[in-house]
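Sequences listed follow chains A and B, in order. Residue 169, in the working numbering, is where the first sequence stops; the numbers in between run on with no holes. Residue 169, in the working numbering, is where the second sequence stops; the numbers in between run on with no holes. Encoded as structure tokens, the structure appears first; notes follow it.
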Amino acid sequence: MRRDGLRMGVPLGIATVNLRSPLGTVLGTGSAKEGSGRWWAERLSAVALIPLTLWFFFSLLLLPALDFETVRTWLAVPMTGFLAVLLVAVLAYHSYLGTMAVIEDYVHAHGAKTFWLLAVRFAYVLVGGAGIYAVLRVAFGAGVASGP
Amino acid sequence: MPTRNRPLSPHLSVYRWQIGNSLSILHRFTGAALALGLLALAFWLISIAGGEASYQSAARAFASPIGVLLLIGWTFAFFYHLFNGLRHLFWDVGLGFERRARHASGWLALLGACAATVCVWAFLWGSRP
């Protein structure tokens with residue numbers, strides 16, 4: 022926190038003056054708000070998504086067929102299920118950060134903005150959680166009608 | 041409320057449309073489209089967990105004309121967001137800011153995404169008629 026404040030400050034002679042008030046520093050207010058933290062989270066999740074999405078895209082594309090048994094068998098492989106869980110989690114997180122930025126930019130009314138920011142959080146936990154739960158169900162063999 | 045009529049960012053109307061800002065808004069637009077794609081991905085995974093019958097009905101929905109159109113759109117959105125995201129990561133470490141590099145990488149991201157989309161769907165239709 023202190024390093025962030027110093028980085029945002031203005032160098033005056035030998036000292037750097039922090040332009041945020043002490044209260045503003047604690048609350049993370051100002052035009053940047055949590056600023057650098059969100060920025061880093063976006064970049065790190067973006068970098069993680071490069072291999073994850075490419076793996077998902079191309080391993081799905083290279084399956085011999087897209088019928089139920091082929092896809093289910095593929096998803097039931099431990100490494101596939103593990104990477105699919107990571108994919109859904111990181112994808113939901115990255116998409117959540119992006120959607121938050123869009124709402125903050127375009128929804129100006131305070132009440133509506135607060136409502137949408139909260140609704141989006143619930144929606145992402147719901148969708149991400151459902152996706153991960155589905156992968157785990159396939160991984161641990163529940164709900165397989167045809168049996169082993 | 042005096043705050044109601046103040047000009048608020050982003051001031052889209054003051055920009056002349058050119059490659060830089062067009063690709064920037066396309067990055068956001070494809071990101072929003074991919075957020076809806078996450079819903080489709082979750083729906084598809086849930087359909088697999090639900091067994092053969094639920095997978096078949098999900099697969100039928102994706103194979104419908106609207107489903108295929110959406111999937112092609114998501115393919116383009118994915119590749120464009122990936123390529124343009126790479127541009128952003130290069131800018132973040134201070135590379136590629138010069139006018140020539142910016143424009144070249146922008147066109148590369150746009151045309152590369154178009155080419156990748158065509159390749160993927162040509163492969164899909166070629167291998168699974």
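Heads up, the beta-carbon is just placed ideally off N, CA and C, and yes, glycines get one too. Quantities reported herein were computed from a predicted structural model and do not represent experimental measurements.
- The beta carbon of phenylalanine 137 of chain B sits no closer than 8 Å to any beta carbon of chain A.
- Of the residues assessed, valine 146 of chain A falls on the exposed side of the cut-off, its CB having fewer than 16 other CB atoms within 10 angstroms.
- With distances taken between CA atoms, leucine 87 of chain A lies nearest to B/Ala98 out of B/Ala98, B/Val54, B/Ile106.
- Taking the C-beta atoms as reference points, valine 141 of chain A is found no nearer than 8 Å to alanine 113 of chain A.
- Closest option to phenylalanine 116 of chain B, judged by alpha-carbon separation, among B/Thr70, B/Ser53, B/Ser104: B/Thr70.
- The C-beta of phenylalanine 89 of chain A comes closer than 8 Å to at least one C-beta of chain B.
- Proximity of chain B to threonine 120 of chain A at the Cβ level (cut-off 9 Å) is accounted for by Gly71, Ala72, Ala75, in chain order.
- Taking 8 Å as the threshold, the shortest C-beta distance from tyrosine 95 of chain B to chain A falls below it.
- By the Cβ criterion, the segment 98-111 of chain B is not in contact with the segment 98-107 of chain A, since fewer than three pairs of Cβ atoms, one from each stretch, lie closer than 8 Å.
- Among the residues of chain B, none has a CB under 7 Å from the CB of arginine 59 of chain A; the nearest is roughly 14 Å distant.
- For leucine 70 of chain A, the CB contacts under 7 Å within the same chain, skipping 5 residues up- and downstream, are Val111, Leu112, His115 in chain order.
- With respect to the 8 Å criterion, alanine 149 of chain B and tryptophan 114 of chain B are not classified as neighbours on the basis of their beta carbons.
- Within chain A, no residue has its beta carbon less than 9 Å from that of leucine 111 of chain B; the closest one is some 12 Å off.
- Alanine 82 of chain B has a beta carbon lying within less than 8 Å of a beta carbon in chain A.
- In the displayed model, tryptophan 60 of chain A falls within a helix according to three-state DSSP.
- Take the alpha-carbon of threonine 74 of chain A and the one of phenylalanine 123 of chain B: they are about 13 Å apart.
- Between serine 167 of chain B and tryptophan 57 of chain B, the alpha-carbon positions lie close to 40 Å from each other.
- Tryptophan 84 of chain B: member of the alpha helix (DSSP H) spanning 59-89, first to last residue.
- Any Cβ of chain B closer than 8 Å to the Cβ of threonine 74 of chain A would place that residue at the interface, and such an atom is present.
- For leucine 139 of chain A, the enclosing alpha helix (DSSP H) covers residues 131-160.
- Counting the other Cβ atoms within 10 Å of the Cβ of valine 98 of chain A gives fewer than 16, which makes it exposed.
- Of all C-beta pairs linking the segment 154-164 of chain B to the segment 129-140 of chain B, fewer than three are shorter than 8 Å, placing the two stretches out of contact.
- The beta-carbon of valine 158 of chain B is placed no less than 8 Å from the nearest beta-carbon of chain A.
- Going by C-alpha positions, glycine 134 of chain B is about 44 Å away from arginine 93 of chain A.
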